[in-house]
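Trainee: Residue numbers (full-length UniProt numbering): 1 to 571.
Cβ atoms here follow ideal geometry from the backbone N, Cα and C, with glycine treated the same way.
First the structure, which I've put down as structure tokens, then a few questions once you've had a look.
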């Protein structure tokens with residue numbers, strides 16, 4: 001019997017194959033306490049040795065199949081396995097509370113998983129999956145449960161599972177595994193990122209896929225739209241989709257070394273990549289990125305057990321700046337607080353931390369911490385074009401104070417004989433509605449704007465985008481959001497400054513025609529979205545996108561806006 005489901009398209013491609021249900025033996029953890037503490041600690045230690053050996057093997061597989069950047073995921077997994085803070089916590093539970101080994105690991109892991117899952121930034125939400133992957137492997141060894149080996153699959157299948165971990169995804173052989181469909185997960189999970197590298201179609205967030213299939217069913221999946229059909233009625237329709245996808249994929253490859261041009265020859269747009277660590281630049285360059293529009297510097301702080309020193313930061317920033325070979329690198333200063341916590345610093349308890357002591361409000365209050373970062377950024381600017389970007393700016397005074405602090409650090413460095421880059425720019429995120437409304441005044445002082453749409457939308461709509469109950473209000477295409485974007489872009493242009501965007505919206509195919517028409521200059525996105533964006537721009541003229549934007553601003557609802565976009569893209 002045929003059945004259609006809809007989820008999140010996480011890795012593009014069309015596949016039809018037999019279902020392979022991944023049914024792992026469930027983990028059942030006893031609540032019983034132990035009397036022999038030393039024996040329990042030895043069990044943990046031996047299990048860590050086994051898990052570490054697994055990770056070394058997986059890293060080798062990933063290096064061969066996926067390259068250095070994706071293989072680094074398993075370096076991160078090894079660091080979780082050996083994390084001293086986590087080790088201290090689960091050891092204390094065994095010693096002090098007499099927890100059994102599995103229960104101790106699970107309790108500590110759950111704490112970190114909840115912490116990362118609650119974060120607003122997709123980059124850090126991925127860490128929850130990493131902690132879960134590593135600690136579940138550890139618990140399986142503690143309980144003598146089998147660990148799934150997907151590398152042995154030797155026939156064409158589509159894997160159906162609750163979720164796929166990064167370590168399971170790394171084992172997949174694209175010759176046989178033609179796709180996967182899971183109940184949970186999204187586009188930013190490591191499994192999705194690795195699936196895109198392997199060019200395996202994936203649909204996640206299906207919620208009920210495990211209950212909808214049985215062994216030997218045939219499954220058809222569309223990794224772009226998120227559509228899934230169990231035992232498809234018209235296989236010919238799916239075959240046609242697969243042919244169209246293959247044709248588009250070949251077409252996109254031709255855009256890698258092409259300039260970013262509209263159909264009528266306008267060349268004023270820049271397509272850049274968002275990154276979370278120096279390892280990510282390889283993917284940006286491979287996909288024809290013209291710069292880095294957002295380097296989230298907080299990874300240096302989150303993946304550490306201390307505030308990183310000036311020298312530690314300088315090495316990371318220099319690596320990215322040099323790696324981008326003369327292309328502009330925009331580095332966001334520490335955006336911590338709110339949903340992003342540090343294990344080694346306690347933020348004050350607040351009723352609404354998203355609107356509290358975070359980002360620029362924290363760094364300008366703790367100039368001792370901020371100084372190390374600013375000095376490192378300034379020193380890195382000697383090796384290529386750098387933009388320093390302040391997050392969460394609300395008032396002109398706030399921006400001027402941060403800019404003055406930066407220029408004072410610059411003067412001190414130059415006095416000590418350090419070279420500072422001539423191409424240095426000092427700009428700001430526009431993610432608070434007050435900043436968008438007042439953009440014209442900010443543009444007198446800032447060298448550039450970059451719109452953080454994720455926060456701008458949730459602050460404008462007064463809707464937490466992580467709340468399932470109000471997701472209907474997370475509306476990037478609402479005319480109110482478009483008007484704020486227009487204010488921001490027009491404000492920048494009035495004073496000869498450029499305006500970019502580094503939020504999720506910048507890489508959305510439906511948003512690109514609107515943003516072109518509004519006059520957005522720079523589009524920073526996931527590396528894998530760059531070629532698609534360049535292709536879309538090449539098929540549109542400036543006059544038709546300007547007409548689209550003008551009409552969209554007169555709309556009343558997001559649905560009306562999207563209808564206008566659809567009409568243009570499908571004409």
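Smallest Cα separation from residue 508: which of 532, 519, 499 and 493?
Mentor: Taking only the C-alpha atoms, the option nearest residue 508 is 532.
Trainee: What three-state label does DSSP hand residue 332 in the structure shown?
Mentor: In the structure shown, residue 332 sits in a strand (DSSP, three-state: E or B).
Trainee: Between which residues of its own chain and residue 316 is the CB-CB distance below 7 Å, once the five residues before and five after are set aside?
Mentor: Excluding residues within five positions, the ones whose Cβ falls inside 7 Å are 278 and 300.
Trainee: Taking 8 Å as the limit between beta carbons, can you name the residues of its chain near residue 93, skipping five residues before and five after?
Mentor: Excluding positions up to five away in sequence, the list reads 99, 103, 104, 107 and 108.
Trainee: Measure the Cβ-Cβ separation of residue 457 and residue 476 and say whether it is below 7 Å.
Mentor: In contact: residue 457 and residue 476 (Cβ atoms closer than 7 Å).
Trainee: From what residue to what residue does the alpha helix (DSSP H) around residue 245 run?
Mentor: Here the alpha helix (DSSP H) through residue 245 covers 235–253.
Trainee: What first and last residue would you give for the alpha helix (DSSP H) that runs through residue 370?
Mentor: Counting along the chain, the alpha helix (DSSP H) containing residue 370 begins and ends at 367–380.
Trainee: Alpha carbons only, please: which of 324, 306, 204 and 570 is nearest the one belonging to residue 273?
Mentor: Checked all of 324, 306, 204 and 570; the closest Cα to residue 273 is 324.
Trainee: How many angstroms separate the CA atom of residue 29 from the CA atom of residue 383?
Mentor: So the alpha carbons of these two residues sit roughly 53 Å apart.
Trainee: Where do the ends of the alpha helix (DSSP H) carrying residue 523 lie?
Mentor: Residue 523 -> not in any alpha helix (DSSP H); beta strand (DSSP E) instead, spanning 522–525.
Trainee: State whether the region 542–553 contacts the region 482–497, with contact taken as three or more CB pairs (one from each stretch) at a distance under 8 Å.
Mentor: Counting Cβ pairs under 8 Å, three or more are found: they touch.
Trainee: Taking the alpha carbon of residue 178 as the reference point, which residue from 321, 184, 150 and 205 has its own alpha carbon closest?
Mentor: Closest option to residue 178, Cα to Cα, is 150.
Trainee: Check whether the Cβ atoms of residue 501 and residue 437 sit closer than 7 Å, and answer yes or no.
Mentor: Not a contact, by the Cβ cut-off of 7 Å.
Trainee: For a test of the three-state rule: what should DSSP assign to residue 140, helix, strand or coil?
Mentor: Helix, per DSSP.
Trainee: Below 8 Å on the Cβ atoms is my contact criterion, and I expect residue 6 with residue 337 to pass it. Report the Cβ-Cβ distance as a whole number of Å.
Mentor: Wrong, their Cβ atoms sit about 36 Å apart, outside the cutoff.
Trainee: Does residue 461 pass the burial test, meaning 16 or more other C-beta atoms within 10 Å, or should it be called exposed?
Mentor: Classification of residue 461: buried, given that the 10 Å Cβ count is 16 or more.
Trainee: Report the residue ranges of all alpha helix (DSSP H) runs contained in full by the region 472–536; include only those spanning at least 4 residues, in chain order.
Mentor: If we require 4 residues or more, the alpha helix (DSSP H) runs fully inside the region 472–536 come out as 479–494 and 511–518.
Trainee: Is residue 21 helix, strand or coil by DSSP?
Mentor: Looking at residue 21 - three-state DSSP - the assignment turns out to be strand.
Trainee: So, does the region 398–409 touch the region 346–359, judging by three or more C-beta pairs under 8 Å?
Mentor: Touching, no.
Trainee: Is the beta carbon of residue 159 sitting closer than 7 Å to the one on residue 285?
Mentor: No, the Cβ-Cβ distance between residue 159 and residue 285 is not below 7 Å.
Trainee: If you run the structure through DSSP and keep just helix, strand and coil, what is residue 540?
Mentor: Coil at residue 540, not helix or strand.
Trainee: Starting from the N-terminal side, write out each stretch of the alpha helix (DSSP H) that is 4 residues or longer and does not extend beyond the UniProt domain "PEP-utilising enzyme mobile" (154–226).
Mentor: If we require 4 residues or more, the alpha helix (DSSP H) runs fully inside the UniProt domain "PEP-utilising enzyme mobile" (154–226) come out as 166–170, 190–198 and 209–212.
Trainee: Could you give the uninterrupted runs of the alpha helix (DSSP H) lying entirely in the region 285–316, keeping only those of 4 residues or more?
Mentor: The region 285–316 contains these whole alpha helix (DSSP H) runs: 299–302.
Trainee: Whole angstroms are fine: how far does the CA of residue 367 sit from the CA of residue 36?
Mentor: So the two alpha carbons sit approximately 49 Å from each other.
Trainee: Since residue 275 sits in a beta bridge, which residues does DSSP pair it with?
Mentor: Answer by DSSP bridge pairing, in chain order: 295.
Trainee: Would you mind reading off the limits of the beta strand (DSSP E) that contains residue 10?
Mentor: Start and end: 8–11.
Trainee: Please classify residue 114: is it buried, with 16 or more other beta-carbons within 10 angstroms of its beta-carbon, or exposed?
Mentor: Result: exposed.
Trainee: How big is the Cα-Cα spacing for residue 137 and residue 182?
Mentor: Straight-line Cα distance between these residues: approximately 19 Å.
Trainee: Give the DSSP-derived three-state secondary structure of residue 421 in the structure shown.
Mentor: Three-state DSSP puts residue 421 in coil, outside helix and strand.
Trainee: Just the C-alpha distance for residue 1 and residue 157, rounded to the nearest angstrom, thanks.
Mentor: About 19 Å.
Trainee: Does the beta-carbon distance from residue 392 to residue 360 come in below 7 Å?
Mentor: Yes, these two residues count as a Cβ contact at 7 Å.
Trainee: Look at the alpha carbon of residue 242 and the alpha carbon of residue 13, and state the distance between them as a whole number of angstroms.
Mentor: One C-alpha to the other measures close to 7 Å.
Trainee: Which residue from 537, 195, 571 and 566 puts its Cα closest to that of residue 259?
Mentor: Per the Cα distances, 537.
Trainee: What residues match up with residue 4 in a beta bridge as DSSP calls it?
Mentor: 229, per the DSSP bridge assignment.
Trainee: With DSSP run on the structure shown, which of helix, strand or coil describes residue 32?
Mentor: Looking at residue 32 - three-state DSSP - the assignment turns out to be coil, as it is neither helix nor strand.
Trainee: Could you pull the DSSP bridge partners for residue 131 from this structure?
Mentor: In DSSP, residue 131 forms no bridge with anything.
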